[in-house]
Amino acid sequence: MTQTVQDLSIDEASSHQLTAADRCDSCGAQAYIRATMASGELYFCAHHGAEFKDKLAATAIEWHDESSRLHESK
Ligand SMILES: [Zn+2]
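At position 39 of the sequence shown (counting the first as 1) the number is 90 in this note's numbering, and the numbers step up by one without a gap.
Rendered as structure tokens:
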């Protein structure tokens with residue numbers, strides 16, 4: 052009788068997707084990476100996300116990376 056409710060987490064994840072309105076904090080390009088820090092959220096393009104990941108990922112609460120979407124553009 053138990054049904055999983057894991058579909059809910061999918062809805063929640065999609066609502067957190069980055070959009071074209073999200074901009075890299077370093078260069079202003081479209082952001083594909085969101086780092087949730089204790090002090091707030093940071094946005095990075097794929098280039099700066101890769102650059103800052105080494106420094107920030109260790110202390111980030113969440114590292115949300117959508118840079119793979121760059122490769123599926125048509
Ligand atoms: Zn950038």
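No residue lacks a Cβ here, since even glycine has one placed at the ideal position from N, Cα and C. On a predicted model such as this, the values are computed, not experimentally measured, just so you know.
At least one heavy atom of ligand 1 falls within 6 angstroms of the beta-carbon of His99. Under the criterion of beta carbons closer than 8 angstroms, Thr87 and Glu113 qualify as touching, at roughly 4 angstroms.
Taking Leu93 as the centre and dropping the five residues before and after it, the same chain places the C-beta of Asp76, Ala86 closer than 6 angstroms to its C-beta, in chain order.
Across the set Ile84, Thr70, His115, the C-alpha of Ile84 shows the shortest separation from the C-alpha of His99. One thing to note: Cys96 has its Cβ within 7 angstroms of the Cβ of Ala80.
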